[in-house]
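2 protein chains.
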Amino acid sequence: MRLKRVVLERLMRYHRFLSQTTASKPIQTITSAQIAEALDIDPTQVRKDFGAIGLVGIGRVGYQVEDVCCAVRTVMGFDKENPAVLIGVGQLGGALLTYPGFEKYGLSITAVFDSDPAKTGRSKAGHTIRSIRSLKPYIRKHDIMLAILCTPVEVSQTIADRLVSVGIKAIWNFTPTDLAVPPDVLVRDEHISLGLSEIAYHLKQ
Amino acid sequence: MRLKRVVLERLMRYHRFLSQTTASKPIQTITSAQIAEALDIDPTQVRKDFGAIGLVGIGRVGYQVEDVCCAVRTVMGFDKENPAVLIGVGQLGGALLTYPGFEKYGLSITAVFDSDPAKTGRSKAGHTIRSIRSLKPYIRKHDIMLAILCTPVEVSQTIADRLVSVGIKAIWNFTPTDLAVPPDVLVRDEHISLGLSEIAYHLKQ
DNA sequence: TAGATTGTTAATCGATTAACAATC
DNA sequence: TAGATTGTTAATCGATTAACAATC
Numbered sequence: 339m340r341l342k343r344v345v346l347e348r349l350m351r352y353h354r355f356l357s358q359t360t361a362s363k364p365i366q367t368i369t370s371a372q373i374a375e376a377l378d379i380d381p382t383q384v385r386k387d388f389g390a391i392g393l394v395g396i397g398r399v400g401y402q403v404e405d406v407c408c409a410v411r412t413v414m415g416f417d418k419e420n421p422a423v424l425i426g427v428g429q430l431g432g433a434l435l436t437y438p439g440f441e442k443y444g445l446s447i448t449a450v451f452d453s454d455p456a457k458t459g460r461s462k463a464g465h466t467i468r469s470i471r472s473l474k475p476y477i478r479k480h481d482i483m484l485a486i487l488c489t490p491v492e493v494s495q496t497i498a499d500r501l502v503s504v505g506i507k508a509i510w511n512f513t514p515t516d517l518a519v520p521p522d523v524l525v526r527d528e529h530i531s532l533g534l535s536e537i538a539y540h541l542k543q
Numbered sequence: 339m340r341l342k343r344v345v346l347e348r349l350m351r352y353h354r355f356l357s358q359t360t361a362s363k364p365i366q367t368i369t370s371a372q373i374a375e376a377l378d379i380d381p382t383q384v385r386k387d388f389g390a391i392g393l394v395g396i397g398r399v400g401y402q403v404e405d406v407c408c409a410v411r412t413v414m415g416f417d418k419e420n421p422a423v424l425i426g427v428g429q430l431g432g433a434l435l436t437y438p439g440f441e442k443y444g445l446s447i448t449a450v451f452d453s454d455p456a457k458t459g460r461s462k463a464g465h466t467i468r469s470i471r472s473l474k475p476y477i478r479k480h481d482i483m484l485a486i487l488c489t490p491v492e493v494s495q496t497i498a499d500r501l502v503s504v505g506i507k508a509i510w511n512f513t514p515t516d517l518a519v520p521p522d523v524l525v526r527d528e529h530i531s532l533g534l535s536e537i538a539y540h541l542k543q
């Protein structure tokens, strides 16, 4: 069965916790109670989640840390290489280009695009910035499925339409727009305003 | 009653949708069914949410768009000015400094800090970068409640401890670390890996 | 064996949806 | 008035938690 988003998020938390823990002190196994304690989750939930991705524990011992990390990475698809294009090399786009953690998740930005003629041809973080006109041919030629969208709001829907028309299957949307796309295309919004709303509301209390 | 995070997120979606809609075509009122249709939410849910923030609709007419936007902004606390400090002026920190949408939500970055002596004293996006040593006195003096954390992972917990010790009430965490803080301090994580996990999983299917 | 931990079924809880009387 | 929409109560659904037999 397709895993729900909340489950995916918990799996990520398990993985991050175990990575951090083993980095400082190598351990072979861990119990659901230990993980639950650390992450403030019910131990049964941990076991359910592990069961959902096919992990089997050992009675009186717990789970192999190595197995857990492996299983999460496999289920998530981090062991598969995902080439991506990045569109819009402004401040944020530039910051993402230099983000060092992507390859850990199988993500590699293979080409970057911008509509500003002053930028095209120039180099940024090891990438030559291409003209937005070459976006569609590039995606088609290299069979790209993922686009990282960092354009100004005004053009984000137009670009999204183009991406969809040429077969993109997921858009990582860093622009503050609700994009309209067909149901088979995933849009993951990183609206900064969502985080801000939680913070502002908390500070008001 | 304190609003749940899912409710806050829906309120933000309503607000964004109404802002976008009225920007292109001014309308006075809107029904819960119209909003529900556009955002793929149950109309009853919309009315429940509106009721929760004290909005009253008009039978056979719907809700005043203006009222809805106003109520959301008030409930969220966007009408209150929230001064914040930003710590770590790397790529991401720099990008956030130039983000133009913050003042809309009452957020204003009043000071920026970095531990790199080569950076301190220099100017970035209109801010003079201060030494990390002046962080605590600054927060105390100006009674700052919010910190935006963009430091390297290695120091993020240390800085968080310092922030907590000096009375910070919310940390907007852009570093990939699970911060440990007292229960009254809100940590909002912008782990980029969460978004990435959803995308990688979708692309795998 | 004894005891701790898993894996699973049942119970609870909360959130979403349906139904419908009240309202404009 | 008639009819559409709200506001609220009841029903459903799904997710979380509790209980406990099976397992190592």
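Residue numbers (this note's numbering), protein chains in the order written: chain A, 339 to 543; chain B, 339 to 543. Cβ coordinates follow ideal geometry from the N, Cα and C atoms, glycine included.
So, at 7 angstroms on beta carbons, what are the nonlocal neighbours of residue i in its own chain, with the 5 sequence-adjacent residues on each side left out?
i, result
"A/Val525", "Ile509, Asn511, Leu517 and Val519"
"A/Val502", "Val519, Pro520 and Val523"
"B/Leu341", "Ala390"
"A/Thr369", "Gly400"
Might you give, ordered along the chain, the residues of its own chain that have their beta carbon closer than 8 angstroms to the beta carbon of residue i, omitting 5 neighbours on each side?
i, result
"B/Ile365", "Thr359 and Val403"
"A/Lys462", "Val427, Gly432, Leu435 and Val450"
"B/Glu441", "none"
"A/Thr448", "Pro421, Ala422, Val423, His480 and Ile482"
Could you give the DSSP three-state label for residue i: helix, strand or coil?
i, result
"B/Thr360", "helix"
"B/Leu424", "strand"
"B/Gly400", "strand"
"B/Leu524", "strand"
"A/Ala518", "coil"
"A/Ile530", "helix"
"B/Thr367", "strand"
"B/Ile373", "helix"
"B/Ile509", "strand"
"B/Arg340", "coil"
"B/Ile537", "helix"
"A/Gln393", "Here the sequence assigns Leu to residue 393 of chain A, which means Gln is not the residue at that position. In this structure, A/Leu393 counts as coil in the three-state DSSP scheme."
"B/Asp387", "helix"
"B/Thr436", "coil"
"A/Gln429", "helix"
"B/Asp405", "helix"
"A/Phe416", "coil"
Residue i and residue j: beta carbons closer than 8 angstroms?
i, j, result
"B/Pro381", "B/Ala371", "yes"
"A/Met483", "B/Leu541", "yes"
"B/Gly439", "A/Pro490", "no"
"A/Ile497", "A/Leu487", "yes"
"B/Gly444", "B/Lys418", "yes"
"B/Tyr352", "B/Val423", "no"
"A/Asp405", "A/Leu393", "yes"
"B/Glu536", "A/Leu346", "yes"
"B/Ala376", "B/Val384", "no"
"B/Val413", "B/Thr367", "no"
"A/Phe388", "A/Gly397", "no"
"A/Val504", "A/Lys474", "yes"
"B/Arg361", "A/Gly415", "One point to set straight first is that residue 361 of chain B is Ala, not Arg, in the sequence displayed. Cβ atoms of B/Ala361 and A/Gly415: not closer than 8 angstroms."
Under a CB-based cut-off of 8 angstroms, is residue i close to chain A?
i, result
"B/Asp516", "yes"
"B/Arg468", "no"
"B/Tyr401", "no"
"B/Lys457", "no"
"B/Gly426", "no"
"B/Tyr539", "yes"
"B/Leu487", "no"
"B/Leu356", "no"
"B/Ala313", "Examination of residue 313 of chain B is not possible in this model, given that chain B is present from 339 through 543 alone."
"B/Arg526", "yes"
Let me see if you follow: with CB-CB separation under 8 angstroms, is residue i close to chain B or not?
i, result
"A/Arg471", "no"
"A/Tyr443", "yes"
"A/Phe388", "no"
"A/Arg343", "yes"
"A/Lys418", "yes"
"A/Gln429", "yes"
"A/Ile530", "yes"
"A/Met339", "no"
"A/Glu347", "yes"
"A/Tyr437", "yes"
Spatial neighbours of residue i within its chain, please: CB distance less than 6 angstroms, with the 5 preceding and 5 following residues excluded, ordered by chain position.
i, result
"A/Ile467", "Val427, Val450, Asp452, Lys457, Thr458 and Arg460"
"B/His465", "Val450"
"B/His529", "Pro514"
"A/Ser469", "Thr458"
"B/Asp527", "Asn511"
Enumerated in chain order, which unbroken segments of the beta strand (DSSP E) with a length of 3 residues or greater are wholly contained in the segment 442–505 of chain A?
445–452, 465–469 and 484–487
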